[in-house]
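Below you'll find the structure, written out as structure tokens, and then a few comments.
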Amino acid sequence: MASVQDAEVLVGPLGALAPADSEIAGPPGRQALRMFLRNRAAVFGVILFVAVLLMTIFGPMFYDNDASDIVARPVLAPGADGAPPLGTDYLGRDVLAGVISGGRVSLLVAAMAALMVVFIGVTIGATAGYYGGWVDTVLMRFTEFFQVLPALLFAMVIVALFTPSIATISVAIGLVAWPSIARLTRAEFLRLKNLEYVKAARAIGAGDWSIMSRVIFPNALPPLIVSASLLMGAALLFEAGLAFLGLSDPNTLSWGLMIGLNRANFLSAWWSVTFPGLAIFVTVLSFSLIGDGLQDAFNPKLRGR
Amino acid sequence: MRTVVAKIAQSLGLILAVIVLNFSMIHLTPGDPATVIAGESGAGDPETIAQIRAEYGLDRPFVVQLGSYIGDVLQGDLGFSFFFDKPVTELIGERLWPTVLLVGTALVFAVVLGVLAGVFTARRPESAVSHSVTVLALVGYSMPVFWTGILLIILFASVFEILPISGMRDVQFEGGTMSAVFDVIRHLILPALTLGLLYLAQYSRLSRASMLEVLESDYVRTARAKGLSERVVVYKHALRNAVIPVVTIAGLQFGALLSGALLVETVFNWPGLGRLAFDSILRRDTSVLLGVLLMSAVLVVVANLLTDVVYRLIDPRIRVGGARG
Chain C
102 MASVQDAEVL
112 VGPLGALAPA
122 DSEIAGPPGR
132 QALRMFLRNR
142 AAVFGVILFV
152 AVLLMTIFGP
162 MFYDNDASDI
172 VARPVLAPGA
182 DGAPPLGTDY
192 LGRDVLAGVI
202 SGGRVSLLVA
212 AMAALMVVFI
222 GVTIGATAGY
232 YGGWVDTVLM
242 RFTEFFQVLP
252 ALLFAMVIVA
262 LFTPSIATIS
272 VAIGLVAWPS
282 IARLTRAEFL
292 RLKNLEYVKA
302 ARAIGAGDWS
312 IMSRVIFPNA
322 LPPLIVSASL
332 LMGAALLFEA
342 GLAFLGLSDP
352 NTLSWGLMIG
362 LNRANFLSAW
372 WSVTFPGLAI
382 FVTVLSFSLI
392 GDGLQDAFNP
402 KLRGR
Chain A
408 MRTVVAKIAQ
418 SLGLILAVIV
428 LNFSMIHLTP
438 GDPATVIAGE
448 SGAGDPETIA
458 QIRAEYGLDR
468 PFVVQLGSYI
478 GDVLQGDLGF
488 SFFFDKPVTE
498 LIGERLWPTV
508 LLVGTALVFA
518 VVLGVLAGVF
528 TARRPESAVS
538 HSVTVLALVG
548 YSMPVFWTGI
558 LLIILFASVF
568 EILPISGMRD
578 VQFEGGTMSA
588 VFDVIRHLIL
598 PALTLGLLYL
608 AQYSRLSRAS
618 MLEVLESDYV
628 RTARAKGLSE
638 RVVVYKHALR
648 NAVIPVVTIA
658 GLQFGALLSG
668 ALLVETVFNW
678 PGLGRLAFDS
688 ILRRDTSVLL
698 GVLLMSAVLV
708 VVANLLTDVV
718 YRLIDPRIRV
728 GGARG
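Chains C and A, in that order, give the protein sequences.
Just so we're aligned: 354 in the numbering used here is position 253 of the first sequence, and the numbers increase by one with no gaps anywhere.
Just so we're aligned: 532 in the numbering used here is position 125 of the second sequence, and the numbers increase by one with no gaps anywhere.
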């Protein structure tokens, strides 16, 4: 687990690095950006994420082996004679090639699922918070209902009932994961809707839709951006879990699927499950660090908590 | 008291809705259970399938099937598993306790250690230990739970070789009750640790944040001003309040904990509900799947009710202000 130690060394004591409030001035957006950039942990997160992204996009150009080809003898350890850099799996496929191409599917599903979650969650939460009354009651009951369903199990059923594909998996994750965003959005809308500037907008004749989308929503964005970045990580973990269980398109390799495929043989080839898992871990960690940094930047009072 | 009754009524409504949703979802999508059952017995000709459809009532209109299913569930009958050749209730009964044991152990481990870590670090927020807890929390959260399990297995299978890495009991086990209990505990350690680590990370962070907030509050200052010892201030006055959000989140996350358990059970061959659900999905054993989905929803609802009760015990304000809870 070298990478964990590296992370600690590089990141150093988290939170202690954020600058004092007085050093920061200017418009709120730029203030937040500056705070974010001074947070070494957050910047480290960005670097990790960019590295993963570059690897998945440009990796195949520099690394020729195809993930599905058998390139060498099975179960070659990294560093063994004739082995690719990260070794081969139980069929002799290149683990590094798998990690490179698997990232594409993992990241795509995570992004699509996070979009789905934000779309459903914000629509329901904003409607409930803005209109209040019975609309709120009905929508919140609906949200509670979805919180009672065990998410992974429910997503498994959805994926199994329809054909597993990138689209069905993203939709399944979207359908089970939106309640927390809905609650957050609702709380923000409840808080913001009675503020002076919203009343002012209403007084000059703005309609519901324009108040919701142009007046309240932009002000509700900071916490939503924070949770969206954490959500990317959660969605990636979720996709990995489903794929590990075999509930993904068998023809599109993802990190989770790699671990699932090598599950029966991991005691004889630890590298075949360790490296895909490390890729998931590093990517999710980058999202968590970025989310944390954003949280501190938007909410200086909560820094380091 | 009235709120408790209202909450229970509300929960029953939720569970009924879950039953309707699950049943509709599974029965309105493509895939005919009759062909699966027929395939199981090795004869797929149309006549047999028609016979099976009639036998299991699959030829009736959807609403009638749904109604009769709900009726059966209310009488405690969850149907029959084609694959295991057993009533679903019996099957779930066997698999429920391993899951409850696993999730319960992981939860207690995560809450207790998490709160302790949170309290410790909140008292010295700038210390090295405090910062490493923050880092470890992020690390723990970012590791896929099934991968953590696999790494632990690799570690214990090849390096330490002191703990069993699969199943719940030794195959060749012989001995009395006490040693049987001990045998299960030995098997429980790694899966519970795997599942617990994930939540330990979150709870330590959460309780640290809430403890930091509480330690700055007026009543803690008052308690200190009265000259109470730091020990009493922290463990008697502050902790009680700092623990509330942890309990709330732990209760609300019970569903997520079940999802994690599903993966951990698969990795460690733990004979729980999660594995049963997984197997029933692969085999399209619909009555088992419906039963497990229902059981998980019931577990989540019960966990939420319990959270509510614990909440009231910890926080007298809610109890006294009662009615609106």
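Glycine included, each C-beta is placed from N, C-alpha and C at the ideal position.
Boundaries of the alpha helix (DSSP H) around residue 286 of chain C: 280-293. Residue 208 of chain C has a beta carbon lying at 8 Å or more from every beta carbon in chain A.
Rounded to whole angstroms, residue 507 of chain A and residue 297 of chain C show a C-alpha spacing of 50 Å. DSSP lists A:493 as the bridge partner or partners of residue 488 of chain A.
For residue 261 of chain C, the nearest beta carbon of chain A is closer than 8 Å to its own beta carbon.
Bounds of the alpha helix (DSSP H) holding residue 393 of chain C are 371-399. The stretch 607-616 of chain A makes contact with the stretch 506-522 of chain A; the number of CB pairs closer than 8 Å reaches 3 or more. Residue contact with chain A for residue 130 of chain C: absent (no Cβ-Cβ distance below 8 Å to any residue of chain A). Spatial neighbours of residue 717 of chain A in its own chain (CB-CB distance under 8 Å, excluding positions within 5 residues in sequence) are listed in chain order as 654, 658.
Annotation for residue 280 of chain C: 244, 247, 248 place their beta carbon closer than 6 Å to its own, counting only its chain and skipping 5 residues before and after. Along the stretch 134-164 of chain C, the alpha helix (DSSP H) occurs as fully enclosed runs of 4 or more residues at 141-163, listed in sequence order.
Residue pairing by DSSP places residue 189 of chain C opposite C:195 in a beta bridge.
Here residue 311 of chain C is exposed: its Cβ has fewer than 16 other Cβ atoms, across all protein chains shown, within 10 Å. Residue 569 of chain A sits in coil when the DSSP states are folded into three classes, being neither helix nor strand. Counting the other Cβ atoms within 10 Å of the Cβ of residue 163 of chain C gives fewer than 16, which makes it exposed. Cβ neighbours of residue 377 of chain C within its own chain (closer than 7 Å, five residues either side excluded): 199, 200, 203, 356, 359, 360. Assignment of beta-bridge partners to residue 171 of chain C by DSSP yields C:194.
The three-state reading of DSSP puts residue 468 of chain A in coil, since its state is none of H, G, I, E or B. Contact between residue 316 of chain C and residue 302 of chain C holds, with the beta-carbon distance rounding to 5 Å and staying under 8 Å. Considering only C:205, C:213, C:157, C:371, the residue with the shortest C-alpha distance to residue 179 of chain C is C:371.
Using a Cβ-Cβ cut-off of 8 Å, residue 257 of chain C counts as an interface residue toward chain A, since at least one Cβ of chain A sits closer than that to its own.
For residue 300 of chain C, the enclosing alpha helix (DSSP H) begins and ends at 297-304. In this structure, the alpha-carbon of residue 702 of chain A lies about 12 Å from that of residue 254 of chain C. The DSSP-derived three-state label of residue 333 of chain C is helix. In the structure shown, residue 256 of chain C falls within a helical segment according to DSSP collapsed to helix, strand and coil.
Non-local beta-carbon contacts of residue 345 of chain C in its own chain, meaning distances under 6 Å to residues more than five positions away in sequence, involve 357, 360, 361 in chain order.
In the DSSP annotation of this structure, the continuous segment of the alpha helix (DSSP H) that includes residue 672 of chain A starts and ends at 661-675. Between residue 573 of chain A and residue 676 of chain A, the C-beta gap is smaller than 8 Å, which places the two residues in contact. Segment contact: the stretch 597-604 of chain A against the stretch 552-570 of chain A, three or more CB-CB distances shorter than 8 Å; contact assigned. Identification of chain A residues near residue 188 of chain C by a Cβ-Cβ cut-off of 9 Å yields none; the smallest Cβ-Cβ distance measures about 14 Å. Identification of chain C residues near residue 598 of chain A by a Cβ-Cβ cut-off of 8 Å yields none; the smallest Cβ-Cβ distance measures about 16 Å.
DSSP, read as helix, strand or coil, puts residue 311 of chain C in helix.
Residue 691 of chain A carries a coil assignment under DSSP once its states are collapsed to helix, strand and coil.
At least one beta carbon of chain A lies nearer than 8 Å to the beta carbon of residue 342 of chain C. For residue 248 of chain C, the chain A residues whose Cβ falls inside 9 Å of its Cβ are 659, 662, 707, 711, in order along the chain. When DSSP states are grouped into helix, strand and coil, residue 263 of chain C belongs to the coil group.
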